[in-house]
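Asker: In my numbering, the protein residues as written are 484 to 1160.
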Amino acid sequence: MTTTLTPTSPTGTVDARPNRQRWERPALAALLLGTLIAYLINLSANGWANDFYAAAVQAGSQSWEAFFFGSSDAANSITVDKPPASLWVMELSVRLFGLNSWSMLVPQVLLGVASVALLWATVRRSFGPAAGLIAGTVLAVTPVAVLMFRFNNPDALLVVLMIAAAWAMTRAVADGRWRWLLLTGAFIGFGFLAKQLQVLLVVPPLALMYLIAGPPKLGKRIAQLCAAGAAMVAGAGWWILAVELWPSDSRPWIGGSQHNSIIELTLGYNGLGRLNGNETGSVGPGGELPAGGNGMWGSTGITRMFEPAQGGQIAWLIPAALLALVVGLAMRGRAPRTDRRRAALILWGGWLLVTGLVFSFMAGIFHQYYTVALAPAVAALVGIGAGQIWGSRDRWWVRCAGAAAIALTTATAWMLLSRSASFQPWLRWVILVAGVIATVAFVFPLARKQSVIVALAAAFIGLAGPIAYSVDTLASAHSGAIPSAGPSSGGMRGMGGPGMRPGGDGGRPGADGSTTTGATSGAGIPDGGVPGQDGAAAGGSAQGANGGEQRMGGAGGLLGGSRPSDRIVTLLESNGSDYTWVAAAVGSNSAAGYQLATELPVMPIGGFNGSDPSPTLEQFQQYVADGKIHYFVAGGHGGPGGNSESTSSAITAWVTANYTSTTVDGVTLYDLTQPKA
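Here it is in structure tokens:
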């Protein structure tokens, strides 16, 4: 008995406009509304989330120049180390509704809902409404997606634009029209303005999909792909060209570059450096790692996505997705060249394989939340696989493949949940028992009623773990530079632990910017201290009210923003409007908290890592002579390993030698209008 989910064409491909099922619209509405409500729950607990980007949002809401360039401060001393597109969405919201946690993070939530809707529409077009709804549901409950669609990093905009490109290319494969190719390129180009070269990981599968399955003849397909490439270049190039042609002395320094160049940032720190580890200006030593070798960003190798830092974020359904890819391709083996179902499998399978392999072997900076870029491909393949296996379950080999998918998912869930033994300890046993029964049952031909029961059990096995992690993520506050979803299950080496929840960075700001302490350790790194495995820094901290580590006075550090006391804020705000920068601090996170608390520009010396040569010592001295900077805040993170030869260290030494210090609530300040006698 073979069932079909939607009307099909003579080639077996779902029609471009399949008849809608009566249940489809209510189910989709429930999915999108449920996603929206869930993502809004406890949203303000994240406070400013990543202070680095929150400060840039504040700056862009005050200055259109800062808006255009993505500056860290409204006085435009330096930009963040990414293009500004992801900031634009939040900055426009803050301009409308004022600066608070909700106005900044709700746009990210809406991008998450849009991602679910776009994935549903894309998968549905080729495989029908049931597959689309399953894919959308899997994406909505993937732990790392739940985290990042409630956070202010660039990844939310990146993901929705990549899915939009997949949607447009799916339309192109259906009718071969130029406009869909051009739209695909435009989405990728704008995605570059969110997170630079990472968006290009989906370009090979997109191009291969159309090259193989596009309706026109080969010559025209190649010409259309070239046009899509031109649209991609135009989508990103207008901003890059503007930045490159703008006189460098009248725009902010390009953060993350050593020579004030967006091209250098693209090809170096945010480009090839991420692959080979040679990232000039990074926080630690680079260099290529051997397969399986250990570094400060973890180990490289084919199993990297299943390691403790990444596993709970994304790995739950990766084995099932890969098996679904193999089964789907086998089922389309004799289909015509233009078969849209096989084309879709090429797209989503290529997305998963290319992105997953790059993430697995890149030797440079790698954070666990990057895996959100895998979530759409995993979700799409799971939705496709579920629909294909259910519709062809009368074939013995398809039933065996379905049983294997259930078994692999059960084993993966057991492994991941065992790493958090104190977190819902009963859950992995229930999944194990249900998995064994469902695996055995699926091998045999069953009546429809029994098949439905087994299918529901399979859905529980696949989604119970991700939902549990997602609920934990919704219930917990997250902040800092390296957030992580779900309970603690072991972190990456060197730079912070698995949670990056508030506490070690001095607590979290509320919706109005006030500070509270969290229950778990974060990652404040005072005065260039070395972070431990749990994200805590050596030195300069005290226990917060709820057990979290709290910086007294809040100097901040590399991965956690500063948390100034009321006395410090009052001091900075006094006559603050008389200065271009109310203060300067080494490192963007050190400066961010002061800027968010006062809503006045604070100069982040050296950018995110404190290692960028901006400003130079001579420029800083001139700013001080011109009366443009009021205070210098000691501490922060002064470049890789606290490099004594960095520009930020030279500025610190000059200030220390020429100005008298005062300590307020544990933070050392230098009044730059009062030199030593």
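Beta carbons: idealized from backbone N, C-alpha and C, even for Gly.
Rounding to the nearest angstrom, what Cα-Cα distance links GLY543 and GLU574 in this structure?
Answerer: Within the sequence shown, residue 543 is the residue found at index 60, counting from 1. Within the sequence shown, residue 574 is the residue found at index 91, counting from 1. Looking at the two C-alpha atoms, the distance is approximately 6 Å.
Asker: Could you name the residues that DSSP lists as bridge partners for TRP1064?
Answerer: The residue labelled residue 1064 in the question sits at position 581 within the sequence shown. Its beta-bridge partners are ILE1112.
Asker: Please report how far the alpha carbon of VAL1065 lies from the alpha carbon of ILE1134, in whole angstroms.
Answerer: For the purposes of this step, residue 1065 is taken as residue 582 along the sequence shown, with counting starting at 1. For the purposes of this step, residue 1134 is taken as residue 651 along the sequence shown, with counting starting at 1. Rounded to the nearest angstrom, the two C-alpha atoms are 17 Å apart.
Asker: Am I right that SER1045 and GLY1076 are in contact with their C-beta atoms under 8 Å? What's the rounded C-beta distance?
Answerer: For this step, residue 1045 is matched to residue 562 along the sequence shown. For this step, residue 1076 is matched to residue 593 along the sequence shown. About 3 Å; that satisfies the 8 Å criterion.
Asker: With H, G and I counted as helix, E and B as strand and the rest as coil, what does DSSP make of ASP995?
Answerer: Taking the sequence shown and counting its residues from 1, one reaches residue 995 at position 512. Summary for ASP995: the model assigns pLDDT 40, below 50, so the residue's position carries little reliability, and this model does not support an answer.
Asker: Taking all protein chains shown into account, do 16 or more other C-beta atoms lie within 10 angstroms of the C-beta of SER901, making it buried, or fewer, making it exposed?
Answerer: Numbered from 1 along the sequence shown, position 418 holds the residue referred to as residue 901. Exposed, since its Cβ has fewer than 16 Cβ neighbours within 10 Å.
Asker: State yes or no: is the C-beta of PRO688 within less than 8 Å of the C-beta of GLY833?
Answerer: Here residue 688 corresponds to residue number 205 of the sequence shown, with the count starting at 1. Here residue 833 corresponds to residue number 350 of the sequence shown, with the count starting at 1. Closer than 8 Å, so yes.
Asker: Please report the Cβ distance between THR625 and ILE797, rounded to the nearest whole angstrom; I am assuming they are in contact, meaning their Cβ atoms lie under 8 Å.
Answerer: The residue you call residue 625 lines up with position 142 of the sequence shown. The residue you call residue 797 lines up with position 314 of the sequence shown. Correct: roughly 7 Å between the Cβ atoms.
Asker: Using a Cβ-based criterion (distance less than 7 Å to any ligand heavy atom), does TRP873 qualify as near the ligand MG?
Answerer: The ligand content of the structure shown is nil, which means the ligand MG is not present either.
Asker: What would DSSP say about TRP897, mapped onto helix, strand or coil?
Answerer: Position 414 of the sequence shown, counted from the start, is the residue given in the question as residue 897. If DSSP states are grouped into helix, strand and coil, TRP897 belongs with the helices.
Asker: Nearest CA to the CA of ILE745: which residue from GLU727, ALA710, ALA706, TRP661?
Answerer: Numbered from 1 along the sequence shown, position 262 holds the residue referred to as residue 745. Closest option to ILE745, Cα to Cα, is GLU727.
Asker: Using three-state DSSP, classify TRP721 as helix, strand or coil.
Answerer: As a first step, residue 721 is located in the sequence shown; it is residue number 238 there, counting from the start. Note: TRP721 maps to helix in three-state DSSP.
Asker: Hey, how far is the Cα of ASP955 from the Cα of PRO970?
Answerer: By 1-based counting over the sequence shown, the position of residue 955 is 472. By 1-based counting over the sequence shown, the position of residue 970 is 487. Going by the C-alpha atoms only, they are around 7 Å apart.
Asker: Name the two residues that bound the continuous alpha helix (DSSP H) containing PRO1087.
Answerer: Locating residue 1087 in the sequence shown gives position 604, counting from the first residue. It is not in any alpha helix (DSSP H) - PRO1087 instead sits in the beta strand (DSSP E) that spans 1085–1088.
Asker: Grab me the residues of LEU523's own chain with a C-beta within less than 8 Å of its C-beta, minus the 5 sequence neighbours each way, in chain order.
Answerer: The sequence position of residue 523 within the sequence shown is 40, counting from 1. Hits under 8 Å: VAL589, VAL592.
Asker: Would you kindly check if the distance between the Cβ of GLY811 and the Cβ of ILE1186 is under 8 Å?
Answerer: No answer is possible for residue 1186: it lies beyond the span of the chain, which begins at 484 and ends at 1160.
Asker: Using the C-alpha atoms, what's the distance from VAL563 back to LEU847?
Answerer: The sequence position of residue 847 within the sequence shown is 364, counting from 1. The sequence position of residue 563 within the sequence shown is 80, counting from 1. Here residue 847 is Gly; the residue named in the question, Leu, does not match the sequence. Using only the alpha carbons, I get a separation of about 19 Å.
Asker: My output table needs one value for ILE561: the three-state DSSP class, helix, strand or coil.
Answerer: Position 78 of the sequence shown, counted from the start, is the residue given in the question as residue 561. Three-state DSSP puts ILE561 in a strand.
Asker: Looking only at its chain, what residues have a beta carbon closer than 7 Å to the beta carbon of LEU957, apart from the 5 residues adjacent to it on each side?
Answerer: Along the sequence shown, one-based indexing puts residue 957 at 474. Counting only Cβ-Cβ distances below 7 Å, and skipping sequence neighbours, we find ALA521, ILE524, ASN525, VAL629.
Asker: Which residues in the same chain as GLN851 place their Cβ atom closer than 6 Å to its Cβ, once the five residues preceding and following it in sequence are excluded?
Answerer: Within the sequence shown, numbered from 1, the residue matching residue 851 stands at position 368. Same-chain partners within the cutoff: ALA792, GLN793, GLN796, SER967.
Asker: So is LEU1054 buried or exposed if we call it buried at 16+ other beta carbons inside 10 Å?
Answerer: Taking the first residue of the sequence shown as 1, we reach residue 1054 at position 571. Classification for LEU1054: buried.
Asker: How far does the beta strand (DSSP E) with LEU1152 in it extend, from its first residue to its last?
Answerer: Counting from 1 along the sequence shown, the entry for residue 1152 is found at position 669. Where LEU1152 is concerned, the enclosing beta strand (DSSP E) stretches over 1150–1158.
Asker: Would you mind sorting GLY672 into buried or exposed? The rule is 16 or more other CB atoms within 10 Å of its CB.
Answerer: Start at 1 with the first residue of the sequence shown, and residue 672 comes out as number 189. Counting Cβ neighbours within 10 Å, GLY672 comes out buried, since at least 16 surround it.
Asker: Quick test of the definition: if touching needs 3 or more C-beta pairs under 8 Å, does the segment 818–828 touch the segment 886–895?
Answerer: No, they do not touch.
Asker: Could you pull out every residue in the same chain whose Cβ sits closer than 6 Å to the Cβ of THR1243, ignoring the five residues on either side in sequence?
Answerer: Outside the shown range of the chain, which is 484 to 1160, sits residue 1243, and nothing can be said about it.
Asker: So, with DSSP's three-state summary, where would you put SER527?
Answerer: Indexing the sequence shown from 1 puts residue 527 at position 44. Correct three-state label for SER527: helix.
Asker: Using DSSP bridges, identify the partner residues of VAL624.
Answerer: On the sequence shown, position 141 is the one that residue 624 refers to. In the DSSP output, where bridge partners are listed per residue, VAL624 has none listed.
Asker: Using C-beta distances below 6 Å, list every residue in its chain close to LEU511, excluding the 5 sequence neighbours before and after it, in chain order.
Answerer: Locating residue 511 in the sequence shown gives position 28, where the first residue counts as 1. Nothing listed; no residue qualifies.
Asker: Give, in chain order, every unbroken run of the alpha helix (DSSP H) that is at least 4 residues long and sits entirely within the segment 660–735.
Answerer: Whole alpha helix (DSSP H) segments, 4+ residues: 661–678, 686–696, 701–728.
Asker: Please confirm if the segment 662–670 is in contact with the segment 634–642, defined as three or more CB-CB distances below 8 Å between the two stretches.
Answerer: At 8 Å Cβ cutoff, the stretches do not touch.
Asker: Which residue or residues does DSSP assign as beta-bridge partners of SER554?
Answerer: Along the sequence shown, read from residue 1 onward, the residue named residue 554 stands at position 71. BP columns for SER554 point to THR562.
Asker: Could you have a look at SER1048 and say whether DSSP puts it in helix, strand or coil?
Answerer: Here residue 1048 corresponds to residue number 565 of the sequence shown, with the count starting at 1. SER1048 falls in the coil class under three-state DSSP.
Asker: Quick test of your reading: LEU515 and ALA614, contact by CB under 8 Å. State the CB separation rounded to the nearest angstrom.
Answerer: By 1-based counting over the sequence shown, the position of residue 515 is 32. By 1-based counting over the sequence shown, the position of residue 614 is 131. That belief does not hold up - the Cβ atoms of LEU515 and ALA614 are roughly 17 Å apart, past 8 Å.
Asker: Could you tell me which of SER875, ALA964, ALA538, GLY674 sits nearest to LEU582, measuring between CA atoms?
Answerer: Along the sequence shown, one-based indexing puts residue 582 at 99. Comparing Cα-Cα distances from LEU582 to each of SER875, ALA964, ALA538, GLY674, the minimum goes to ALA538.
Asker: Residues bridged to TYR1168 by DSSP?
Answerer: Examination of residue 1168 is not possible in this model, given that the chain is present from 484 through 1160 alone.
Asker: In whole angstroms, what is the alpha-carbon distance linking PRO802 and ALA649?
Answerer: As a working mapping, residue 802 is identified with position 319 in the sequence shown. As a working mapping, residue 649 is identified with position 166 in the sequence shown. Cα to Cα, the separation comes out at about 22 Å.
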